[in-house]
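To keep things clear, I will list the structure first and then write my remarks on it.
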Amino acid sequence: MDGFVASVESTTAAEVSKLLGVILDLRPRSTPHVHSLRCHAFASLATRFAGPEIFAPGLKALAQSDPALRDVLVAVLPRSNDVNAHDVLCDALGNASPEVRAAAAEVLKQVGGRTALEILVRRALDPAFVGRLEAMNALLARAGSQALPLLAATLRAGKPLEKIHALRALGSKERFAKDLRGATEAATIGLADRDDLVVAQAITTLGLLDVENFVELTGPRIENRGLDVLRAFCAQAARRLDDGISDLFRQKMRDGPKAVRLLLLDVVEAEGREPLFPMLVDALSNRDVGVRTRAAQAIVTLSKNKAIDAARAIVWLLRSRDTNVRRVAADIAQRVGDADGTLAPKLLGYLRDEDWWVRERILDALVEMNGSGLTKHIISVYLGDSSDVVRRFAVSALLRIADPRALGALVRTAQNDSDWLVSELAVEAIGRLSDLRAVDYLVDLLQRRPELRVATIGALRELRAEAALPAVAELVYDEDPDVRGSAIQLLDELDDGTHALWVKGCEDDPSPAVREVAGRLLRRFQLSRSGPPEAAELKSIDALLSHAAAQNADDLFLQADRPPFLKRLGKVEPLGSTPISGASILELLKPIMTPDQRVMVEQKRDVDFSYTFASRGLRFRVNVFAQLTGPAAVFRSVKEDVLTMDKLGIPSIVASFANLPHGLVLVGGPTGAGKSTTLAALIDHINRTTARHIVTIEDPIEVVHTRVKSLVNQREIGSHTRSFANALRATLRQDPDVILVGELRDLETIAFAVSAAETGHLVLGTVHTTTADATIDRLINAFPARQQPQIRSMVAESLRAVTCQHLLRGPSGGRRVLAVEVMVNNDAIQSLVRKGKTFQIPTIIAMSRDQGMQLMDGELIRLAKEGRVDIDDAHAKSIDKRAFEAALGLPPSDESSPSMSTPPPSGRISGPIAKSALPGRR
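Start counting the sequence shown at 30; every next residue gets the next number (our numbering).
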């Protein structure tokens, strides 16, 4: 083929163009190699003998060409350009084949001019023309401002994507510098388009062109349009801020809806301009939590990026009259940090804020950001403040910082402050410093300020101050039982027996708590009474409790005008036949109650507390209440030794809940089902296996947990804190990892549990429910209806697991057996909770046994088949009684007959059953 090309010494372009027909005719019958040689030969000849005669035939051949020939034509046709044939070139740009259009566009890039442009403008106005994109791409670089008619034609007749492409091209001020007015007029065409995306791009383009009347030109176009249009307008308007635009933005933020507010916040964050900051403040006051959260996130981002002055912004927010705004400001301060140390001094002033939550969060942020760097500021400015509240927070900060440099200031505060709580906090902070120089000051404080003795002894205990033992030993006969108990406890922990005889006289102390700690110390040093006490020495209530313990009773019931009753293995039986009067019951109870508790009983209010019968090693949970015939009391035996979960028969997966870093774990069941025992076992497991801070709020304390690996603080309502509400509020200030809130009995407790679980704590609690789905419904239905959608989302995120349990009689009435339902919160259950379809949860549990889940009915059937439980008891506690009867081959009872053929949506069937319908029923 090369020989053929070399042999052609002279020919014309017209003759060369005829070779295209030959190549196209022979291609179907040629091998690819031969076809390639022919294309190469044509390329060589067309280059040597180029002429306009080749241009039009070559363009027409593009439609029939294969890739090899198209590449040759694209390369050689510009050398043979024929302006008179540019209409043929434009025809090729309108070809249905993208490959042909692309090839024609490559040629147009090199030869295009005014003629081709004029033809393409006419073609672009034809809705059927498909080559607008290729035409624009080919001509824009060469034509510049002269391409404006083509872009305008595209905006009038093109498809949405072609219009957007044209508008993006119009957004270049450099390209259209010679005719910005023409570019603006062309872009304005897009404002009237039906498609929101086209209008949005038109607005963006006009903004990039910096038109002077941008707002007047584009503002009316955003009405009744979608978010894309509004987003484009806001993004461009934010670049040319003035009072009018700021007012417009704030109006949109106020009027909403939520999607518009979130869009505006996106724009503000993207632009990062401080004049837009007031709009963020408006958003922080919005009722919608999603808007407030997004606004806070934007402020954090802008502060970290130095787009706004973080200190100035946070202080501005803290000055707001809206409590929500001030709370968010405190949170933002903590998240932004204080790398250069300028923020902390400004924030310290807000320890005077009227809202306690703001003060707490500011304190959290300051301690985390600056640590010991705050000590000087706090001591010099706030520790001497006239406000008790400010001084309390100042000492709380020093307590958390634990800076040894604060020792002198804390000692002076403990000695001289007029507010008892400030002084007590100062004493606690002194103990936290672990500085033995403080011991002499604390010993002096024991005499100087008697009201601080309990706190001072606690600080000495934390310091392990053996040098203080002689002074502490003198306090075992203090008039305050709390002081006596604290002093004996310190001696028990630190003394080697030297001062133990001081405690000998406390064996008969009127306070049960003092008797308990005194007895423990005396037994350790073998100084306790020899042999058991005589019956005459026992108080009457102690005698009743001793008798109950001797019969292995779980509960002792006292009721006016009736004999005492015992409860063993779930059955109640009388203890003798002699009734006890209401007055006698009160006399029995007075010695073991505090004055405050006695007043509550006289006011017909319920009282809960714990009582320890130290000499017998017995411990009881006590509830005193009024009923129809007079006063009554229930003593429930609390085992001192915590049984492991294996011994209790709790499924092994429950132990894994102890390893959860945060979230909500609930134990459900009826009264007497062992919920507290299960939680005690779980707390004990955490205590033995992890090093964490555990805080329990109990009413009353049942099981006492001694430190193994974890630090355990147990608080009893009435004894250690005034109310459940006070205890809940104080708990988060104690930096717990695990919180036991006992029973979730009311809205306040449930709200606290959900909130604490969301903020990084593992929260354990009990609920009086018998199934997992009912437990979740109980949480959600405690809230007002308007809050329930939000609460569903919060519970779905924070809930980790639910167990529900029953204690069943053994087949011969012996030791009771535990049956447990287990639900672990997975993606499926989260979705059901959010959608309000908790009735479908039993189905998920039944299908998720591989994840450790199990239904109560399945457990009841298994235990009954294994002969481990009384069949009547198991049947009574089953939900789907027909399934239970079918599984055990029992005849159906009346209440589970076919007339009840339609189960409720959850798949659970409940209702009484006539026991006589089952064989062997008693």
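Even glycine gets a Cβ: it sits at the ideal position worked out from N, Cα and C. Predicted model only: the values in this text are computed from it and were never measured.
On the CB-based measure, 16 or more other CB atoms within 10 Å of its CB, does residue i come out buried or exposed?
{"i": "T735", "result": "exposed"}
{"i": "W531", "result": "buried"}
{"i": "R99", "result": "buried"}
{"i": "A565", "result": "Model confidence at A565 stands at a pLDDT of 34, short of 50, so the residue's coordinates are unreliable; what they give is reported in the following sentence. With fewer than 16 other Cβ atoms within 10 Å, it is exposed."}
{"i": "P562", "result": "Caution applies to P562, whose pLDDT of 34 falls short of 50 and renders its modelled position unreliable; the value that the coordinates give is listed next. Answer is exposed; the Cβ neighbour count stays below 16."}
{"i": "E850", "result": "buried"}
{"i": "M876", "result": "exposed"}
{"i": "Q280", "result": "exposed"}
{"i": "N854", "result": "buried"}
{"i": "Q580", "result": "exposed"}
{"i": "G255", "result": "exposed"}
{"i": "A132", "result": "buried"}
{"i": "H62", "result": "exposed"}
{"i": "W487", "result": "Per the sequence shown, residue 487 should be read as Gly rather than Trp. That one is buried."}
{"i": "T41", "result": "exposed"}
{"i": "E241", "result": "exposed"}
{"i": "E252", "result": "exposed"}
{"i": "E508", "result": "exposed"}
Short check: CB of residue i to CB of residue j, under 7 Å?
{"i": "A261", "j": "I232", "result": "yes"}
{"i": "G678", "j": "L884", "result": "no"}
{"i": "A500", "j": "L475", "result": "yes"}
{"i": "Q230", "j": "I193", "result": "yes"}
{"i": "D802", "j": "I873", "result": "no"}
{"i": "F78", "j": "V45", "result": "yes"}
{"i": "P510", "j": "S463", "result": "no"}
{"i": "R482", "j": "V456", "result": "no"}
{"i": "R490", "j": "L519", "result": "yes"}
{"i": "E300", "j": "A267", "result": "yes"}
{"i": "I517", "j": "L550", "result": "yes"}
{"i": "V296", "j": "A342", "result": "no"}
{"i": "H835", "j": "A643", "result": "no"}
{"i": "L294", "j": "A327", "result": "yes"}
{"i": "A825", "j": "Q880", "result": "no"}
{"i": "T144", "j": "G200", "result": "no"}
{"i": "P840", "j": "G887", "result": "no"}
{"i": "S739", "j": "I726", "result": "no"}
{"i": "D583", "j": "S639", "result": "no"}
{"i": "K864", "j": "T795", "result": "no"}
Rounding to the nearest angstrom, what Cα-Cα distance links residue i and residue j in this structure?
{"i": "A916", "j": "S907", "result": "12 Å"}
{"i": "N652", "j": "V357", "result": "42 Å"}
{"i": "S416", "j": "I408", "result": "14 Å"}
{"i": "L190", "j": "V227", "result": "8 Å"}
{"i": "H69", "j": "R269", "result": "59 Å"}
{"i": "P86", "j": "H115", "result": "12 Å"}
{"i": "K633", "j": "L618", "result": "14 Å"}
{"i": "N315", "j": "L647", "result": "56 Å"}
{"i": "G413", "j": "E453", "result": "16 Å"}
{"i": "A496", "j": "D521", "result": "15 Å"}
{"i": "S174", "j": "A212", "result": "8 Å"}
{"i": "K47", "j": "L259", "result": "59 Å"}
{"i": "S575", "j": "L504", "result": "31 Å"}
{"i": "E616", "j": "D728", "result": "23 Å"}
{"i": "I274", "j": "E203", "result": "27 Å"}
{"i": "V468", "j": "S752", "result": "33 Å"}
{"i": "S827", "j": "P690", "result": "11 Å"}
{"i": "A43", "j": "G80", "result": "8 Å"}
Considering only the alpha carbon of each residue, which of the options lies closest to residue i?
{"i": "Q555", "options": "K138, A72, D525", "result": "D525"}
{"i": "L773", "options": "Q834, V696, A709, R717", "result": "V696"}
{"i": "L403", "options": "V418, R758, V424", "result": "V424"}
{"i": "E298", "options": "C119, G319, D317, L331", "result": "L331"}
{"i": "R963", "options": "D432, T706, A830, V419", "result": "An answer regarding residue 963 cannot be provided, because it is not within the stretch 30 to 951 covered by the chain."}
{"i": "K333", "options": "A903, V365, E631", "result": "V365"}
{"i": "I52", "options": "A43, V112, V37, D95", "result": "D95"}
{"i": "A125", "options": "E163, I682, I570, A502", "result": "E163"}
{"i": "A655", "options": "A75, R627, L672, D473", "result": "R627"}
{"i": "R152", "options": "A121, D224, R544", "result": "A121"}
At least three beta-carbon pairs within less than 8 Å, the stretch 713-723 to the stretch 756-774: The stretch 713-723 vs the stretch 756-774: in contact.
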